[in-house]
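In the working numbering, the protein residues as written are 2 to 420.
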Ligand SMILES: [Zn+2]
């Protein structure tokens, strides 16, 4: 169903016929003014009967019977990229481009929208989880997420439930499955010796910085979930790429609040770098070293990424914490799955241009231009969506450390088992 209205661009006063394809009662949308490219945001609201109305704050609605204007038309199909102008609607265009993947894609959009709608209770529940306020966690979960939540949940239930539902969202936004492979790779390190990992996890979670980082990762995650309307329209592109198909050059995603997204990108990179020491300590442990030791001075050569110059190498975690991001990343070289997941979330090209502090872009025809570099806007948003999956991965890794760390008894120096 298409809902139309006649409005005036709040920036340049162009008269616009706005057409929005509707797939649910409350639908957020962003369109660009066809004349000046300013973003116009709004949503649809049920008007009390079976009809829907527009809610577009700050925008004047025009009467086409009265106004003799030079009308421009702009159409959007809510969650979808904007199709090329022509006889095809965005919906039909997306159906034909995604082919048999269209149904899966629509299911995944519905999952994202469900999470968006439940973002408040989810954030409350996660906050209680972080603070170990178990009874409050139980009540929020029972009220909003799982009617079957047991009256007497185990501590393992409480650690795993939220992460289990977050993994549905993770699969919806990262259909290529890089997060699944990275998880297998990193979780194997914990499984190789549960006892040694429990000891390591205990020292990781005992560090006061750990809960700060865990909190920062979750803050980033929830703020991106709240900004869903800025990135959901790129999800069709994410799914198309995961299916190995090429992206139609005509597809555009509505330009969002680029500054906000750019800030989110940089914050995601910062917090992800803060999670790397956990991975490197697990690596050290697995290779039989003290978790704090990267290069054993007694062994010449030791573990060193080949891409680094001798003066960039570090010997221990204290030195690691002080090096720059590029050096830190290089130490992921023995975790190839996580490394490629990381690379697709933080492509250096995007990072060095768009995510840069002095980013002063020009955008036209869906291309961001910065100092001669040209990056399609959707490539930037795709990376951001990949980062959502990566943030969930870090939350999951924090959980793993908390489960095992809480089962290490420092008094006797023994692992208490998980049951
Ligand atoms: Zn305008």
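Every residue gets a Cβ at the ideal spot worked out from N, C-alpha and C, and that includes glycine.
None of these values were measured; they are calculated from a predicted model.
Within the chosen definition, does the region 232 to 246 reach the region 254 to 269 through at least 3 CB pairs nearer than 8 angstroms?
yes
Compute the Euclidean distance between the alpha carbons of residue 225 and residue 175, then round it to the nearest angstrom.
Taking the chain shown and counting its residues from 1, the one referred to as residue 225 is at position 224. Taking the chain shown and counting its residues from 1, the one referred to as residue 175 is at position 174. Taking the straight line from one Cα to the other gives about 15 angstroms.
Near ligand 1: residue 12 beta-carbon under 7 angstroms from a heavy atom
Here residue 12 refers to the residue found at position 11 of the chain shown. Residue 12: yes, Cβ under 7 angstroms from ligand 1.
Tell me which residue opens and which closes the beta strand (DSSP E) that residue 310 is part of.
As a working note, residue 310 is residue 309 in the chain shown. Element bounds for residue 310: n/a, residue is neither H nor E.
Contacting residues, own chain, Cβ-Cβ under 7 angstroms from residue 271 (five flanking each side not counted)
Stepping through the chain shown from its first residue, residue 271 is reached at position 270. Here the set comprises nothing.
Delimiting residues of the alpha helix (DSSP H) encompassing residue 162:
On the chain shown, position 161 is the one that residue 162 refers to. Start and end: 156 to 174.
Quick one: does the C-beta of residue 39 sit closer than 7 angstroms to a heavy atom of ligand 1?
Within the chain shown, residue 39 is the residue found at index 38, counting from 1. Yes, Cβ of residue 39 sits closer than 7 angstroms to a heavy atom of ligand 1.
Out of curiosity, what's the CA-to-CA distance linking residue 262 and residue 385?
In the chain shown, residue 262 corresponds to position 261, counting from 1. In the chain shown, residue 385 corresponds to position 384, counting from 1. So the alpha carbons of these two residues sit roughly 8 angstroms apart.
Helix, strand or coil at residue 14 according to DSSP, with G and I counted as helix
Within the chain shown, the letter at position 13 stands for residue 14. The answer is coil: DSSP assigns residue 14 none of H, G, I, E or B.
Quick one, are the C-beta atoms of residue 277 and residue 329 less than 8 angstroms apart?
Within the chain shown, numbered from 1, the residue matching residue 277 stands at position 276. Within the chain shown, numbered from 1, the residue matching residue 329 stands at position 328. Closer than 8 angstroms, so yes.
Exposure of residue 13, with buried meaning 16 or more beta-carbon neighbours within 10 Å:
Within the chain shown, the letter at position 12 stands for residue 13. Exposed.
So the candidates are 246, 403, 319 and 211; which of them puts its Cα closest to the Cα of residue 97?
Position 96 of the chain shown, counting from 1, holds the residue named residue 97. The shortest C-alpha separation from residue 97 is found at 246.
Measuring from the CB of residue 6, is there a heavy atom of ligand 1 at a distance below 7 angstroms?
The residue you call residue 6 lines up with position 5 of the chain shown. With a cutoff of 7 angstroms, residue 6 does not count as near ligand 1, since its C-beta is closer than that to no heavy atom of the ligand.
Quick check: the region 141 to 153 against the region 401 to 417, are at least 3 beta-carbon pairs closer than 8 angstroms?
Three or more beta-carbon pairs separated by less than 8 angstroms are not found between the region 401 to 417 and the region 141 to 153, which leaves the two stretches without contact.
Report whether the distance from the Cβ of residue 261 to the nearest heavy atom of ligand 1 is below 7 angstroms.
Position 260 of the chain shown, counted from the start, is the residue given in the question as residue 261. In this structure, the C-beta of residue 261 stays at least 7 angstroms away from each heavy atom of ligand 1.
Pull up the distance between the alpha-carbon of residue 82 and that of residue 381, whole angstroms please.
Locating residue 82 in the chain shown gives position 81, where the first residue counts as 1. Locating residue 381 in the chain shown gives position 380, where the first residue counts as 1. One alpha carbon belongs to residue 82, the other to residue 381, and they sit about 14 angstroms apart.
In whole angstroms, what separates the C-alpha of residue 369 from that of residue 411?
Sequence index remark: in the chain shown, residue 369 carries index 368 (1-based). Sequence index remark: in the chain shown, residue 411 carries index 410 (1-based). Going by the C-alpha atoms only, they are around 53 angstroms apart.
I need the straight-line Cα distance from residue 162 to residue 34, nearest angstrom please.
Start at 1 with the first residue of the chain shown, and residue 162 comes out as number 161. Start at 1 with the first residue of the chain shown, and residue 34 comes out as number 33. Their backbone Cα atoms lie some 43 angstroms apart in a straight line.
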